[in-house]
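First the structure, in the form of structure tokens, and then the observations on it.
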Amino acid sequence: MGLLKIIFIIFILSFPLAELGRFQFPNGIAFSVNEVILAVLIVFWGIYKITKNKKVKKSIILKPSSIFVCIAFFSLILNFFNLSLDKFLISFLYLLRWVSYLLLFFIVRDFDINYKKKIPYFMLFSGGMVVLGGYVQYFLYPSLRNLYYLGWDEHLYRMFSSFLDPNFLGSFLVLLLMLILGLLYKQFKVKNVYLGVILSAFGFVTLIAVYLTYSRGALIMLIVSLASFLFLIGKRKIIMVSILALILIIFFIPKSFKTEGTNFLRTASSEARISSVQIAFKIFQTSPVYGIGFNAYRYAQNKYGLDNNGWMVTHSGAGTDNSFIFVLATTGIIGFASFIYLVISVFMLAKKNLKNNFLSLVLFSSFAGLAVNSLFINSLFYVFILEWIWIVGGLIESN
Numbered sequence: 000m001g002l003l004k005i006i007f008i009i010f011i012l013s014f015p016l017a018e019l020g021r022f023q024f025p026n027g028i029a030f031s032v033n034e035v036i037l038a039v040l041i042v043f044w045g046i047y048k049i050t051k052n053k054k055v056k057k058s059i060i061l062k063p064s065s066i067f068v069c070i071a072f073f074s075l076i077l078n079f080f081n082l083s084l085d086k087f088l089i090s091f092l093y094l095l096r097w098v099s100y101l102l103l104f105f106i107v108r109d110f111d112i113n114y115k116k117k118i119p120y121f122m123l124f125s126g127g128m129v130v131l132g133g134y135v136q137y138f139l140y141p142s143l144r145n146l147y148y149l150g151w152d153e154h155l156y157r158m159f160s161s162f163l164d165p166n167f168l169g170s171f172l173v174l175l176l177m178l179i180l181g182l183l184y185k186q187f188k189v190k191n192v193y194l195g196v197i198l199s200a201f202g203f204v205t206l207i208a209v210y211l212t213y214s215r216g217a218l219i220m221l222i223v224s225l226a227s228f229l230f231l232i233g234k235r236k237i238i239m240v241s242i243l244a245l246i247l248i249i250f251f252i253p254k255s256f257k258t259e260g261t262n263f264l265r266t267a268s269s270e271a272r273i274s275s276v277q278i279a280f281k282i283f284q285t286s287p288v289y290g291i292g293f294n295a296y297r298y299a300q301n302k303y304g305l306d307n308n309g310w311m312v313t314h315s316g317a318g319t320d321n322s323f324i325f326v327l328a329t330t331g332i333i334g335f336a337s338f339i340y341l342v343i344s345v346f347m348l349a350k351k352n353l354k355n356n357f358l359s360l361v362l363f364s365s366f367a368g369l370a371v372n373s374l375f376i377n378s379l380f381y382v383f384i385l386e387w388i389w390i391v392g393g394l395i396e397s398n
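Under numbering that gives the first Met the number 0, the sequence shown has 257 at position 258, and the numbering climbs by one with no breaks.
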């Protein structure tokens, strides 16, 4: 178990590499340093379970996640003849990746209580490196124009850090901010002033970083998550004041560079999202019961609307700007129902110990904001967000 813990720490510390540690191949296959370390972690965890003759114990997450994985797999099998063999295998690899992210929940759950107490601080350190990298990038590397040929958007004068995308970065930073808030709440209860001051400063810097992404989805997620957190701890009277303060901050962030991306009232991205959803519904209508296969969306989108020279590498090609519609299109009504079951089970997991575990507060409020955020970007299927959520979930459940 000691080696497993070391590998897990290395895995957590790989988060700041994010997309900078990603390797893309022309056929659409890509993998990252983070995923390689995760694969090693899963192998050693499997060896540990086998050698110690330990079974995977029941969990509120086990049944709904198993059902969703089975339906997702069969949706792909049923579409086998609609795909070439290489496209089928690439789509299947995405499902395997999703399962590997899910396994983090069960791996973290197996750790002892003392080690689990340290994990949130490793997550803070890793998240802090992402924030630091974001500020360095914001001032020294304000545009991704030179990486446009690799499928990245320009994102001029927006913070995107090593994620190379301000929307996903903003969502990740909100998750980090909620963890900071949860730990701050814990320190407030035990009256640890010194650590409380450090966490407050870290939280403030992270909050500003969220705004520098100029991501409206992240801002909405922040409002929903913070309102949920305050509601759960009984501070309901200050919810409206907090929401108003978050909105007013918009008027104080830097406006020296005015571009479409830094305009919170921009319409181009909204129109693009609407178009993305329309394509997804068109794809859904071709196979409404079991979908077009999880995740064969890139190939279906190419057929029904995305038709350019970079469709195999563009980072918007494999999904749509709404996680729920993405599931509906790829797995149909049946898969969508099972996914909703899984989403509800995550809330039920967090609800079990809200009064006694600050991480339950963090998971519930974070996931509430994330569920809303996923209506605007495919955040429920973004690797670093998925991994973060499953880690926090595993910290809540005892082995």
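Positions of the beta carbon are idealized from the N, C-alpha and C atoms, including for glycine.
**OP:** Check the C-beta distance from Lys54 over to Ala295 and give it rounded, since I have them as a contact under 8 Å.
**Re:** Not really, about 34 Å apart at Cβ, beyond 8 Å.
Subject >> Spatially closest choice to Leu92 from Leu101, Asn145, Ala29, Val135, by CA coordinates >> reply: Ala29
Subject >> Residues bridged to Ala29 (per DSSP) >> reply: Gln23
Subject >> Member of Gln136, Ser58, Gly216, Arg96 whose CA lies at the smallest distance from the CA of Tyr156 >> reply: Gln136
Original post:
Going straight from the alpha carbon of Gly132 to that of Ile8, what length do you get?
Top reply: 20 Å
Original post:
With 16 as the cutoff for other CB atoms within 10 Å, does Leu19 come out buried or exposed?
Top reply: exposed
Original post:
Looking at Phe228 and Leu360, is the spacing between their C-beta atoms short of 8 Å?
Top reply: yes
Original post:
From Lys62 to Gly392, what does the alpha carbon distance come to, in whole angstroms?
Top reply: 15 Å
Original post:
Cβ atoms of Phe14 and Val107: under 8 Å apart, would you say?
Top reply: no
Original post:
For Met158, which three-state DSSP category applies?
Top reply: coil
Original post:
What residues in its chain sit with their C-beta under 8 Å from that of Leu37, if we drop five residues either side in the sequence?
Top reply: Phe10, Ser99, Tyr100, Leu103, Glu386
Original post:
Buried or exposed: which applies to Tyr140, given that a residue is buried once 16 or more other Cβ atoms fall within 10 Å of its Cβ?
Top reply: exposed
Original post:
Are the region 345-355 and the region 59-76 touching by the rule of at least three beta carbon pairs closer than 8 Å?
Top reply: yes
Subject >> Length-filtered (4 minimum) alpha helix (DSSP H) runs lying within the region 210-289 >> reply: 215-231, 238-247, 267-285
Original post:
What are the boundary residues of the alpha helix (DSSP H) that includes Asp109?
Top reply: 84-109
Subject >> Top-ranked residue by Cα proximity to Leu94, from Ser286, Ile76, Asp109, Ser83 >> reply: Ile76
Subject >> Span separating the alpha-carbon of Leu168 from that of Phe159 >> reply: 6 Å
**OP:** Take Leu12 as the anchor and find which of Ser125, Leu221, Ile291, Ala336 has the nearest alpha-carbon.
**Re:** Ser125
Subject >> Proximal residues to Ser199 (C-beta, below 8 Å), its chain only, five neighbours per side dropped >> reply: Leu183
**OP:** State the Cα-Cα distance for the pair Phe338 and Val173, rounded to the nearest angstrom.
**Re:** 23 Å
Original post:
Exposed or buried, Asn355, counting other C-beta atoms within 10 Å across all chains shown (16 or more means buried)?
Top reply: exposed
**OP:** Following the continuous alpha helix (DSSP H) through Met122, name the residue where it begins and the one where it ends.
**Re:** 112-139
**OP:** Determine, using beta carbons only, whether Ser74 and Gly334 come nearer to each other than 8 Å.
**Re:** yes
Original post:
At which residues does the alpha helix (DSSP H) containing Gly368 begin and terminate?
Top reply: 357-372
**OP:** For Phe380, collect the residues of the same chain with a Cβ closer than 7 Å to its Cβ; drop the 5 residues on either side in sequence, then sort them by chain order.
**Re:** Gly318, Ser322, Phe325
Original post:
So, is the C-beta of Asn81 closer than 8 Å to a C-beta in chain C?
Top reply: Annotation note: the requested chain C is absent from the structure, which comprises a single protein chain.
**OP:** Say whether the region 281-298 touches the region 241-248, bearing in mind that this needs 3 or more beta-carbon pairs closer than 8 Å, one atom from each stretch.
**Re:** no
Subject >> Buried versus exposed, by CB contacts within 10 Å (16 or more), Gly331 >> reply: buried
Original post:
In its own chain, which residues sit with a C-beta less than 7 Å from the C-beta of Ala71, not counting the 5 before and 5 after it?
Top reply: Leu94, Phe293, Thr330, Gly334
Original post:
Thinking just about the alpha-carbon of each residue, which of Leu362, Leu369, Ala367, Gly368 is nearest to the one in Glu396?
Top reply: Leu362
Original post:
Excluding sequence positions up to five away, which residues of its chain have a Cβ less than 8 Å from the Cβ of Phe22?
Top reply: Ala29, Phe30, Ser31
Subject >> Local conformation of Phe479 per DSSP, three classes >> reply: Outside the shown range of the chain, which is 0 to 398, sits residue 479, and nothing can be said about it.
Subject >> Gly233, buried or exposed, once every other Cβ within 10 Å from all chains shown has been counted against 16 >> reply: exposed
**OP:** Would you mind reading off the limits of the alpha helix (DSSP H) that contains Phe80?
**Re:** Counting along the chain, Phe80 falls outside any alpha helix (DSSP H), and DSSP gives it neither H nor E.
Original post:
Got a sec? Which residues, its chain only, sit under 7 Å from Ser378 by beta carbon, not counting five neighbours each side?
Top reply: Phe167, Ser170, Ser322, Leu369, Asn372, Ile384
Original post:
Can you name the start and end residues of the alpha helix (DSSP H) that Glu18 belongs to?
Top reply: That residue, Glu18, is in no alpha helix (DSSP H); it is neither H nor E in DSSP.
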